[in-house]
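Novice: The structure follows.
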Amino acid sequence: MLIISCEKYPLDSNSFEPDANLFVNTSLSSQAPLSRAQRPLSELCTKISFALYKDGERLKSISQSAGDNGFGSIAVKILPGTYTLLIVGHSTASNATTTDIQKINFSGKVSDTFVYSEEIEIGEEPLTINAKAVRNVAMFQLNITDDIPKEVTRLKFYYTGGSSSFDATTKAGSVNSRQTEYRDVNPTQKTYEIFTFPHNTGDDKLKITISALDDADNVIAERILSDVGIETGIITQCSLALFDGSEGGNSQQVNITITADDEWKGVIEYIPN
Numbered sequence: 001m002l003i004i005s006c007e008k009y010p011l012d013s014n015s016f017e018p019d020a021n022l023f024v025n026t027s028l029s030s031q032a033p034l035s036r037a038q039r040p041l042s043e044l045c046t047k048i049s050f051a052l053y054k055d056g057e058r059l060k061s062i063s064q065s066a067g068d069n070g071f072g073s074i075a076v077k078i079l080p081g082t083y084t085l086l087i088v089g090h091s092t093a094s095n096a097t098t099t100d101i102q103k104i105n106f107s108g109k110v111s112d113t114f115v116y117s118e119e120i121e122i123g124e125e126p127l128t129i130n131a132k133a134v135r136n137v138a139m140f141q142l143n144i145t146d147d148i149p150k151e152v153t154r155l156k157f158y159y160t161g162g163s164s165s166f167d168a169t170t171k172a173g174s175v176n177s178r179q180t181e182y183r184d185v186n187p188t189q190k191t192y193e194i195f196t197f198p199h200n201t202g203d204d205k206l207k208i209t210i211s212a213l214d215d216a217d218n219v220i221a222e223r224i225l226s227d228v229g230i231e232t233g234i235i236t237q238c239s240l241a242l243f244d245g246s247e248g249g250n251s252q253q254v255n256i257t258i259t260a261d262d263e264w265k266g267v268i269e270y271i272p273n
């Protein structure tokens, strides 16, 4: 749908160009089956990247951070024609690398991520797009059920089976990654989260090694979880007595269920071996 824009935009950055004819605003399209609520992408992410492609070649890219003037919107001048518009919202430290639309990455790190990728037609009249980005990650959420020893300062998550990059044309993971994430430990905090881009094969599974480390990176406790089912828009929730038993543990100490909050897509169940 083509809409003539009468909005005023700040013209103090490369996000807002004089004589613009393409205006883009971002919002979230909820994936919850019983909810149609939408929230601005700027409320869910700390970074948003915009890119325009023609015949597979990136012609323009803009990266924004929370606090930037007009965060979540752009106004640019572009010649008439057919383009692919890409928007990526995330919260990693680095900007998204958008050179190749089939391999969007974030320097190997993955946060909660939302994507919009559609073909647009620029004509003689200004065009406003209210883009509805959708979540394209899976979350693994660890809930520690026992007391955390005072010498533990961080958790290490090493996991395979997912992807640290995604193909924006399909929104699915595009590589087979060995991912490593660290989380600082607060003795009063029992829940920790990691993310990956599923390949959307219908049978995506992670193998996760969770290591509790001290200041010198000595392993205080460790658990290995195999065949952990994941799916785009799904939270895999694991309740685990991480420190109850000897290093290495056993599968009987693990209780994994799959849940979803109001903004995630659905519910599945995983039973460990």
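Under the numbering used here, the first residue of the sequence shown is numbered 1, with each subsequent residue one higher.
Backbone N, C-alpha and C fix where the C-beta goes; we use that ideal spot for every residue, glycine too.
Only a predicted model underlies this, so the values are computations on that prediction, with no experimental measurement involved.
Going along the chain, which residues of its own chain have a beta-carbon closer than 8 Å to the beta-carbon of Gln102, five neighbours each way excluded?
Specialist: If we look at Gln102 and ignore the five residues flanking it on each side, its Cβ neighbours are Asp167, Ala168, Thr169, Ser174.
Novice: Check Ser42 in the structure and name its three-state DSSP category.
Specialist: Reduced to three states, the DSSP call for Ser42 is helix.
Novice: Out of Ala172, Ala131, Thr191, Ile220, which has the shortest C-alpha to C-alpha gap to Asp204?
Specialist: Nearest C-alpha to Asp204: Ala172.
Novice: So, are the CB atoms of Ser49 and Arg39 less than 9 Å apart?
Specialist: It is not a contact, given that the beta carbons lie outside the stated cut-off.
Novice: Between Asn136, Ser117, Thr99, which has its C-alpha nearest Ser111's C-alpha?
Specialist: Nearest C-alpha to Ser111: Asn136.
Novice: Quick one: which unbroken beta strand (DSSP E) runs of 3-plus residues sit fully inside the segment 30-115? Chain order, please.
Specialist: Within the segment 30-115, the complete beta strand (DSSP E) runs of at least 3 residues are 47-54, 57-65, 73-76, 81-90.
Novice: Residues in its own chain within less than 8 Å of Gln253 by CB, not counting five upstream and five downstream?
Specialist: With a pLDDT of 48 at Gln253, under the threshold of 50, the modelled position of that residue is not reliable, and the figure given next carries that caveat. Arg223, Leu240, Ala241, Asp244, Gly245.
Novice: Just to confirm the assignment, what range does the beta strand (DSSP E) spanning Leu206 have?
Specialist: It spans 205-213 - the beta strand (DSSP E) in which Leu206 sits, taken as one unbroken run.
Novice: Among Ala131, Pro187, Asn176, Lys190, which one has its Cα closest to the Cα of Thr201?
Specialist: Comparing Cα-Cα distances from Thr201 to each of Ala131, Pro187, Asn176, Lys190, the minimum goes to Asn176.
Novice: So the beta strand (DSSP E) Asp227 belongs to, where does it begin and stop?
Specialist: Counting along the chain, the beta strand (DSSP E) containing Asp227 begins and ends at 219-229.
Novice: Around the Cβ of Lys47, are there at least 16 other Cβ atoms within 10 angstroms (buried) or fewer (exposed)?
Specialist: Under this definition Lys47 is a buried residue.
Novice: Go ahead and pull the three-state DSSP assignment for Asp244.
Specialist: Asp244: coil per DSSP, three-state reduction.
Novice: Check for me: the beta strand (DSSP E) holding Asp167 runs from which residue to which?
Specialist: Looking at the DSSP string, the run of the beta strand (DSSP E) that includes Asp167 is 165-167.
Novice: Between Phe197 and Glu181, how many whole angstroms is the CB-CB distance? I'm expecting something under 8 Å.
Specialist: About 14 Å; that fails the 8 Å criterion.
Novice: Pick from Thr84, Ile104, Tyr83, Ala216: whose alpha carbon is nearest that of His90?
Specialist: His90 has its Cα closest to that of Ile104, out of Thr84, Ile104, Tyr83, Ala216.
Novice: Once DSSP output is grouped into helix, strand and coil, what is the label at Thr201?
Specialist: Coil.
Novice: Okay, do the segment 74-88 and the segment 114-132 touch, 3+ Cβ pairs below 8 Å being the bar?
Specialist: The segment 74-88 is in contact with the segment 114-132.
Novice: Rounded to a whole number of angstroms, what is the C-alpha to C-alpha distance between Gly233 and Thr113?
Specialist: Looking at the two C-alpha atoms, the distance is approximately 10 Å.
Novice: For the candidate residues Ala221, Thr97, Lys54, whose alpha-carbon lies nearest to that of Pro149?
Specialist: Of Ala221, Thr97, Lys54, the residue nearest in Cα terms is Ala221.
Novice: Residue range of the beta strand (DSSP E) that Ile234 falls in?
Specialist: That residue, Ile234, is in no beta strand (DSSP E); it is neither H nor E in DSSP.
Novice: Rank Ala96, Ile144, Phe195, Phe140 by C-alpha distance to the C-alpha of Pro187 and give the top, closest one.
Specialist: Checked all of Ala96, Ile144, Phe195, Phe140; the closest Cα to Pro187 is Ile144.
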